[in-house]
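Read the structure below first, then the notes.
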Amino acid sequence: MSVARRLPGDPYPDLTSARIVHRAWRHDLARLADLATTLEAEAAARAPQDDNAASGDAISRRRAAAVRDYVTVLCHELARQGKGEARIVWPLVDTSAGAAIDMAPYRAERRRLAPLVENLCTTVGDFARAPSARVADLAAALRETRDALEEHFSYLEQDILPMIHSYVTMDHYEAAERRMWRSLGLVRLARVLPWLARVATPEETRHLKRRNGLVGRVILTVLGPVYANLERRVFGSPAPDDVSG
0 MSVARRLPGD PYPDLTSARI VHRAWRHDLA RLADLATTLE AEAAARAPQD DNAASGDAIS
60 RRRAAAVRDY VTVLCHELAR QGKGEARIVW PLVDTSAGAA IDMAPYRAER RRLAPLVENL
120 CTTVGDFARA PSARVADLAA ALRETRDALE EHFSYLEQDI LPMIHSYVTM DHYEAAERRM
180 WRSLGLVRLA RVLPWLARVA TPEETRHLKR RNGLVGRVIL TVLGPVYANL ERRVFGSPAP
240 DDVSG
């Protein structure tokens with residue numbers, strides 16, 4: 000693939016969507032790890048025969064199933080996002096930045112992350128089947144994944160995004176971003192947009208709506224409350240109003 004490099008004075012690509020996505024992953028993995036640690040402590044403190052827990056388990060099976068569903072979707076989206084970036088965005092960085100950056104270490108790091116995500120998906124399934132017995136495993140898997148991805152996203156924001164900002168033309172990046180959004184499909188977009196909007200500032204939410212047109216606006220209006228209800232089932236209380244930053 001041959002693309003023109005951004006020249007001095009050319010407009011810069013808009014990296015707003017990428018920054019929102021990174022923030023959403025970091026925030027969700029952090030609060031899920033905190034939740035699992037809390038559930039682990041509660042399971043250790045409560046008697047197995049507590050009447051408030053189904054089937055004698057100190058953690059509600061319904062709550063465990065909600066956590067499983069939520070984390071499983073996140074794992075699948077993380078894997079798909081990684082593949083999309085590797086197929087669509089990173090080749091653009093290769094050709095635009097050239098010798099200014101070696102993408103090989105980042106690709107190798109992404110490959111190392113894949114088993115962590117797969118293990119998390121397996122572990123949360125085990126947790127749903129035996130919540131109290133497997134909550135410690137889930138907490139450990141979430142902490143490991145959180146720490147690894149926090150480091151990964153830090154590298155992306157310190158190294159890759161500045162390369163895109165400096166070397167990739169606005170038109171080429173917008174075309175790549177449109178491909179990334181289209182690759183979601185309607186069902187995935189209906190899950191992803193409310194999730195992103197949760198950590199977006201008002202201006203960033205307007206950006207998400209502009210990027211996804213009428214469909215995006217309808218999704219955020221209609222399905223935002225559905226996502227909020229899922230959060231309540233997983234985390235047990237409404238989320239704070241301001242989690243952007």
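Mapping the sequence shown onto numbering that gives the first Met the number 0, position 228 (from 1) lands on 227, and the numbers just tick up by one.
From the three backbone atoms N, C-alpha and C, an ideal C-beta is built for every residue, glycine too.
Check	Outcome
State yes or no: is the C-beta of ALA96 within less than 7 Å of the C-beta of TYR166?	yes
Quick one: is ASP241 buried, meaning 16 or more other Cβ sit within 10 Å of its Cβ, or exposed?	Low per-residue confidence applies at ASP241: pLDDT is 46, beneath 50, and the placement is therefore not dependable enough to give any value.
What whole-angstrom Cβ distance do LEU188 and ILE218 have, given they're in contact under 8 Å?	6 Å
By the DSSP assignment, the alpha helix (DSSP H) with ARG18 in it spans what residues?	15 to 44
With a Cβ-Cβ cutoff of 7 Å, do ARG178 and ILE87 count as a contact?	yes
Beta-carbon within less than 7 Å of THR71's beta-carbon, same chain only, minus the 5 sequence neighbours each way: which residues are those?	CYS120, VAL123
When you compare the CB positions of VAL233 and ALA3, do they come within less than 7 Å of one another, or not?	no
For the alpha helix (DSSP H) containing ILE218, list its first residue and its last residue.	201 to 234
Whole angstroms are fine: how far does the CA of ARG25 sit from the CA of ARG109?	16 Å
Since ARG245 contacts VAL198 with CB under 8 Å, what's their CB separation in whole angstroms?	Look at the range of the chain in this structure, 0 to 244, and you will see that residue 245 is not part of it.
Inspect the beta-carbon positions of ALA147 and ALA35 and report whether they are closer than 7 Å.	no
Taking the beta carbon of LYS208 as the centre, do at least 16 other beta carbons fall within 10 Å, making it buried, or is it exposed?	buried
Taking the alpha-carbon of ALA85 as reference, which of ALA43, THR37, PRO104 has the nearest alpha-carbon?	PRO104
May I ask which residues mark the beginning and end of the alpha helix (DSSP H) holding ARG4?	Counting along the chain, ARG4 falls outside any alpha helix (DSSP H), and DSSP gives it neither H nor E.
Pop quiz: GLU203 and THR15 are said to be a contact at Cβ under 8 Å. What is the actual Cβ separation, rounded to whole angstroms?	6 Å
Taking the continuous alpha helix (DSSP H) assigned at LEU73, which residues delimit it?	60 to 83
Could you say which of LEU91, LEU77, MET102 lies nearest to LEU115 if we only look at CA atoms?	LEU77
Quick one: Cα of GLU143 to Cα of ARG111, how far?	12 Å
Measuring straight from C-alpha to C-alpha, what distance separates GLU230 and ALA132?	23 Å
I believe ALA63 touches ALA127 by the beta-carbon criterion, under 8 Å. Please report the beta-carbon distance rounded to the nearest angstrom.	5 Å
Apart from the five residues just before and just after ARG30, which ones in its own chain have a Cβ nearer than 8 Å to its Cβ?	PHE234
What is the C-beta distance between LEU195 and VAL20, in whole angstroms, given that I count them as a contact (C-beta under 8 Å)?	7 Å
Given this structure, state the Cα-to-Cα distance separating MET102 from LYS82, to the nearest angstrom.	15 Å
Measuring alpha carbon to alpha carbon, tell me which of GLU149, GLY215, PHE152, THR200 ends up nearest ARG181.	GLY215
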